[in-house]
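Line by line, the protein sequences are chains Y and E. Okay, so the first sequence: first residue is 138 according to our numbering, each after it adds one. Okay, so the second sequence: first residue is 138 according to our numbering, each after it adds one. For glycine and all other residues, C-beta sits at the position ideal for the given N, C-alpha and C. A short worksheet on the structure shown next.
2 protein chains.
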Amino acid sequence: MSRTRANHVPIELERFLPYRLSLLSNRVSQAIARDYERRFDLSVTEWRILAVLARFDALSAREVAERTAMDKVAVSRALMRLVGRGLVSRRWHGGDKRRSVLRLSARGWRVHDAVAPLALQHERDLLTRLSVAERAALARILDKLGAGTFPPSERVALRPRSPCAPR
Amino acid sequence: MSRTRANHVPIELERFLPYRLSLLSNRVSQAIARDYERRFDLSVTEWRILAVLARFDALSAREVAERTAMDKVAVSRALMRLVGRGLVSRRWHGGDKRRSVLRLSARGWRVHDAVAPLALQHERDLLTRLSVAERAALARILDKLGAGTFPPSERVALRPRSPCAPR
DNA sequence: TGCAAATAGTTGCATTTGAAACGATTATAG
DNA sequence: CTATAATCGTTTCAAATGCAACTATTTGCA
Chain Y
138 MSRTRANHVP IELERFLPYR LSLLSNRVSQ AIARDYERRF DLSVTEWRIL
188 AVLARFDALS AREVAERTAM DKVAVSRALM RLVGRGLVSR RWHGGDKRRS
238 VLRLSARGWR VHDAVAPLAL QHERDLLTRL SVAERAALAR ILDKLGAGTF
288 PPSERVALRP RSPCAPR
Chain E
138 MSRTRANHVP IELERFLPYR LSLLSNRVSQ AIARDYERRF DLSVTEWRIL
188 AVLARFDALS AREVAERTAM DKVAVSRALM RLVGRGLVSR RWHGGDKRRS
238 VLRLSARGWR VHDAVAPLAL QHERDLLTRL SVAERAALAR ILDKLGAGTF
288 PPSERVALRP RSPCAPR
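This is the structure:
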């Protein structure tokens, strides 16, 4: 009602969880990304695709989008670059000509193997600021906050698999 | 070396902290943003500016950018809309004609007072998934991970203030 | 004082991003 | 079997974003 600030309850942005998460996430991601963007000419999107293809072989573009929680358009465009640079090989599924079958090429593996330790080191650097108990708490908290809102399909098949090769 | 996947150690993206933070942050922010974007035609950037002006009166555009950790260009453009819609009043500092003096207008306060409870409710919904101990741990963890990388100027003056009015 | 450097805010431009639409293919209902 | 709907990946186009350049003003130093 009143125009004087005393009568309002302003949000304390710096304590507001969504805001803090956003800050932390951006800062952490960018710190790591700067490294491999310069040294390997990889965007965050592209690196995530490499990472998920290193873990799960022969995914389709849609599956990559699901597992990385990225837009299918972003995935399509990133794949165009990755395939063009020869880091990812793309075939088409014999039984369903709509689906692509994506794999890391030898060059893709080399880039992955160079970037992965770098990314993991960054993560370790972060986590060393926390006590062992806090690290465990963080993992549990992320589980609790992360599960439930995520697309249910994501929960079903998180194991590596060797799907039928394109015939 | 080898081309077979057995000889590599793929990153487990779904356990990788920067990735998980990114997912969680995006999901949380978007969930809240959808609400007030539709109902009040406010972008995240614009809402953050309203929030920080509700908390700290008569900031300059640069100070808003600092406190929201956003780009000064983004702030400038968001302010153009907010001032245009009459949610924020902009004067110029008497002693320094470069600086703007930004305040929430009566309309701006009304929008803030409508959005703030909505945002806080979303935060509460999130936090109810956690135990009391976990909530405390999360706050501590965010403090530890957040401090240190942040611009040091940010640490000095986080208390509300009543700066000298434009003369 | 006078002039170079610094600061506040805006604008221009090129890149990135996302939503809807699209063509091609496959699944499903009748 | 046919037609309708659903799926996969790409394209298109408009909006958001970020960087550098720019104007106007102020600061600092010789």
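**OP:** Could you have a look at residue 286(E) and say whether DSSP puts it in helix, strand or coil?
**Re:** Interpretation of residue 286(E) is limited by its pLDDT of 42, a score under 50 that renders its predicted location unreliable; the figure taken from the coordinates is listed afterwards. In the structure shown, residue 286(E) sits in coil (DSSP, three-state: anything other than H, G, I, E or B).
Subject >> One or two residues paired with residue 238(Y) in a DSSP bridge >> reply: The partner list for residue 238(Y) (beta bridge, DSSP) reads 228(Y).
Original post:
Within 10 angstroms of its Cβ, does residue 255(Y) collect 16 or more other Cβ (buried), or is it exposed?
Top reply: Looking at its Cβ environment, which holds fewer than 16 other Cβ atoms inside 10 Å, residue 255(Y) is exposed.
**OP:** Could you name the residues of the same chain whose beta carbon sits closer than 6 Å to that of residue 286(E), not counting the 5 residues immediately before and after it, in chain order?
**Re:** Here residue 286(E) scores only 42 on pLDDT, less than 50, and its place in the model should not be relied on; the value that follows carries that caveat. Its chain contains no residue whose beta carbon lies nearer than 6 Å to that of residue 286(E) once the 5 sequence neighbours on both sides are disregarded.
Subject >> Touching by the beta-carbon criterion (3+ pairs, under 8 Å), the stretch 164 to 184 of chain E and the stretch 208 to 216 of chain Y >> reply: The stretch 164 to 184 of chain E, when compared against the stretch 208 to 216 of chain Y, does not touch it at the 8 Å Cβ threshold.
Subject >> For residue 96(Y), three-class secondary structure by DSSP >> reply: Past the edges of chain Y, shown from 138 to 304, lies residue 96(Y), and the structure says nothing about it.
Original post:
Whose C-alpha, out of 244(Y), 191(Y), 196(Y) and 278(Y), is nearest the C-alpha of residue 230(Y)?
Top reply: Closest by alpha carbon: 196(Y).
Original post:
Given a threshold of 16 other Cβ atoms within 10 Å of its Cβ, counted over all protein chains shown, does residue 162(E) qualify as buried or as exposed?
Top reply: It is buried - the Cβ of residue 162(E) has at least 16 other Cβ atoms within 10 Å.
**OP:** Return the bridge partner residues of residue 196(E) from the DSSP annotation.
**Re:** For residue 196(E), the beta-bridge partners assigned by DSSP are 239(E).
Original post:
Which of helix, strand or coil does DSSP assign to residue 190(Y)?
Top reply: Looking at residue 190(Y) - three-state DSSP - the assignment turns out to be helix.
Original post:
Cβ of residue 281(Y) less than 8 Å from any chain E Cβ?
Top reply: For residue 281(Y), the answer is yes, since a Cβ of chain E falls inside 8 Å of its Cβ.
Original post:
With C-beta atoms as the reference, is residue 253(E) less than 8 Å away from residue 201(Y)?
Top reply: Residue 253(E) places its beta carbon 8 Å or farther from that of residue 201(Y).
Original post:
Any idea what DSSP makes of residue 177(Y), helix, strand or coil?
Top reply: Helix, per DSSP.
Original post:
From residue 151(Y) to residue 193(E), what does the alpha carbon distance come to, in whole angstroms?
Top reply: In a straight line, the C-alpha of residue 151(Y) is about 12 Å away from that of residue 193(E).
Original post:
So residue 183(E) packs on residue 219(E), CB below 8 Å; how close in whole Å?
Top reply: Right, their Cβ atoms sit about 6 Å apart.
Original post:
What residues in the stretch 199 to 231 of chain E bring their beta carbon closer than 9 Å to a beta carbon of chain Y?
Top reply: Under the 9 Å Cβ criterion, the stretch 199 to 231 of chain E contributes 204, 205 and 206.
Original post:
residue 210(E) lies in the alpha helix (DSSP H); which residues open and close that run?
Top reply: Element bounds for residue 210(E): 209 to 221.
Subject >> Beta-carbon separation (whole angstroms), residue 206(E) vs residue 241(E), contact threshold 8 Å >> reply: Beta-carbon to beta-carbon, residue 206(E) and residue 241(E) are separated by about 20 Å, too far to satisfy the 8 Å threshold.
**OP:** For residue 249(Y), I'd like the list of residues in its chain whose CB is within less than 6 Å of its CB, leaving aside the five on either flank, ordered along the chain.
**Re:** Answer for residue 249(Y): 187 and 191, listed in chain order.
Subject >> Contacts of residue 253(Y) in chain E (Cβ-Cβ under 8 Å) >> reply: Near residue 253(Y) (Cβ distances below 8 Å), the residues of chain E are 146, 147 and 148.
Original post:
How many angstroms separate the CA atom of residue 270(E) from the CA atom of residue 189(E)?
Top reply: So the two alpha carbons sit approximately 29 Å from each other.
Subject >> Listed by chain order, chain E residues near residue 271(Y) by CB distance under 9 Å >> reply: Correct list: 274, 277, 278 and 281.
Original post:
Given that residue 263(E) touches chain Y, what residues does it touch there, using C-beta distances under 7 Å?
Top reply: The answer, in chain order, is 154 and 282.
**OP:** Taking residue 279(E) as the reference, give the member of 144(Y), 227(Y), 246(Y) and 266(Y) with the closest Cα.
**Re:** Just measuring C-alpha positions, the residue of 144(Y), 227(Y), 246(Y) and 266(Y) sitting nearest residue 279(E) is 266(Y).
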